[in-house]
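Residue numbers (this note's numbering): 5 to 200. Worksheet for the structure shown next.
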């Protein structure tokens with residue numbers, strides 16, 4: 005059993021972590037992005053299916069491809085973020101199962117049921133995107149997840165001719181504390197949980 009994280013680690017990951025809306029000029033390196041993914045890929049997924057796919061949009065040219073898909077409220081913070089991650093998932097994730105789940109042929113579990121394949125890929129791809137945000141925070145970066153974008157435009161600009169599809173966007177970098185909104189309320193335990 006692993007020891008519990010200390011208060012500093014819990015603050016970085018949860019209690020003091022905030023959705024960022026503005027960014028400093030400090031860059032994020034490709035080495036940092038590789039380290040983020042190295043941690044992300046270690047999180048569990050069902051049958052180790054690992055359907056999450058990530059595009060690290062960091063060049064001005066790539067940002068211009070992304071720009072037409074952004075809502076007005078997300079435009080400035082995305083264009084100024086050092087990196088914007090397109091958190092996606094692979095609709096044909098099962099083609100990687102011979103590598104990822106080699107002890108049995110798991111492909112038929114999903115190829116025979118489009119509904120099960122979709123549900124599995126979406127659920128586990130979303131889970132992996134959450135791991136990515138925690139990985140970024142654990143390495144000293146800030147994250148700003150968002151849904152305000154045109155998915156069809158992102159898919160056309162970045163995933164045409166592939167089996168990948170966009171889920172949501174995550175801005176990464178070093179947050180500007182002056183642009184953070186006041187923390188909103190959360191549900192109490194008895195409002196969101198039951199003990200069975």
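Glycine included, every Cβ here is placed at the ideal spot set by N, Cα and C.
| Query | Result |
| --- | --- |
| Straight-line Cα distance separating residue 155 from residue 95 | 15 Å |
| Best match in 195, 173, 26, 52 for proximity to residue 109 [C-alpha to C-alpha] | 52 |
| Spatially closest choice to residue 162 from 28, 39, 58, by CA coordinates | 58 |
| Residue 3 and residue 86 closer than 8 Å at C-beta | As displayed, the chain neither begins before 5 nor continues past 200, which places residue 3 out of reach and without an answer. |
| Inter-residue Cα distance where the pair is residue 22 and residue 125 | 27 Å |
| Strand pairing of residue 80, partner residues [DSSP] | Answer is none; residue 80 lacks a bridge partner. |
| Neighbourhood of residue 141 by C-beta distance below 8 Å, restricted to the same chain and skipping five residues each side | 16, 17, 21, 147 |
| Residue 81 burial status per 10 Å Cβ neighbour count (16 or more: buried) | buried |
| Inter-residue CB distance, residue 143 and residue 39 (contact presumed, cutoff 8 Å) | 6 Å |
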